[in-house]
Amino acid sequence: MDHACKHSGFLGSKEVKIKVQLPKSGFIPGEFIPIAISIHNHTKKPLYYLKAQLIQHVHYQAQQENSHFNSDEHCHKHCDHKTAETKMSEVEKSFEVNCCSEGIIQVALVLPNPLVPSFKTNIIEVDYCVTVEVEKDKKLRVEFPITVGTNPVGHVMGRADIGNRLSALSVTQPDLNLLIEPPPEYQDRVEVTMASAPPPEYDENSNGITNV
6 MDHACKHSGF LGSKEVKIKV QLPKSGFIPG EFIPIAISIH NHTKKPLYYL KAQLIQHVHY
66 QAQQENSHFN SDEHCHKHCD HKTAETKMSE VEKSFEVNCC SEGIIQVALV LPNPLVPSFK
126 TNIIEVDYCV TVEVEKDKKL RVEFPITVGT NPVGHVMGRA DIGNRLSALS VTQPDLNLLI
186 EPPPEYQDRV EVTMASAPPP EYDENSNGIT NV
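The structure is reproduced here in structure tokens:
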């Protein structure tokens, strides 16, 4: 559980205190980020509005061209380190916490899917943060760095989880004899060649005439 506190006003004066809580610091694309905001309003004015955002920061090095230095020396001396900030998701919430009272507000940010995961190389880095701001007051603005990955972060599977995972993945194998069709039955075809009738007997008489 990650949490942070902010307050407005000087010590001992009437002020607004907020406490923001996130259940974890690692998320995956498509996942919801539940946010709980506890507000202590000790001012004379009610509070009505808050906004939560998911911000992406891309830090990179912009090199100057036409340099005679090698790449390492050039980047070390002539690279401009820049950051591009993009709002990836936002949710606004209307509520009412009257003066001298307290309230708990809950909102949920959704991570876009697909979304580039958090990573860092020598020339580029991508990171994310969740910001919560009450009444558009920068003094009441809380920022949480989070990690966006491709797999759940910080979750250790217990025996029950492993059993459920195996049950979900198990497949009942059907009887292979039912799936494999036997070849069609063929009747034995035996061709019997009947011997031809014996040739007739020929007898020759004394006159050279053959009698059958």
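For the sequence shown, counting from 1, position 21 maps to 26 in our numbering; every step adds exactly one. The beta carbon of each residue, even a glycine, is placed where N, CA and C say it ideally should be.
Reference residue i, options the options, closest by Cα
{"i": "Q26", "options": "A57, Y53 and G35", "result": "A57"}
{"i": "S94", "options": "E101, P119 and C104", "result": "P119"}
{"i": "C84", "options": "V96, H64, S30 and T48", "result": "H64"}
{"i": "V137", "options": "I44, E101 and V102", "result": "I44"}
{"i": "P51", "options": "S106, K143, N156 and K24", "result": "S106"}
{"i": "D142", "options": "F37, L55 and S30", "result": "L55"}
{"i": "K24", "options": "P150, G154, V139 and I151", "result": "V139"}
For residue j and residue i, believed in contact at Cβ under 8 Å, the rounded distance
{"i": "P39", "j": "A89", "result": "P39 to A89, Cβ: 28 Å. No contact."}
{"i": "V135", "j": "Q61", "result": "Actually they do not touch by this definition, with Cβ atoms about 11 Å apart."}
{"i": "N103", "j": "N46", "result": "7 Å"}
Where residue i sits in the DSSP three-state scheme
{"i": "K141", "result": "coil"}
{"i": "T91", "result": "strand"}
{"i": "V227", "result": "Here the chain comprises residues numbered 6 to 217, so residue 227 is not present and cannot be evaluated."}
{"i": "L120", "result": "coil"}
{"i": "I33", "result": "coil"}
Sheet register partners of residue i (DSSP bridge)
{"i": "S106", "result": "N46"}
{"i": "Y54", "result": "S99"}
{"i": "T136", "result": "Q58 and E148"}
{"i": "I128", "result": "In DSSP, I128 forms no bridge with anything."}
Endpoints, the beta strand (DSSP E) within which residue i is located
{"i": "V153", "result": "R146 to V153"}
{"i": "V21", "result": "V21 to L27"}
Check: residue i C-beta below 6 Å from any heavy atom of the ligand MN
{"i": "I38", "result": "The ligand MN is not among the ligands present in this structure, which contains no ligands whatsoever."}
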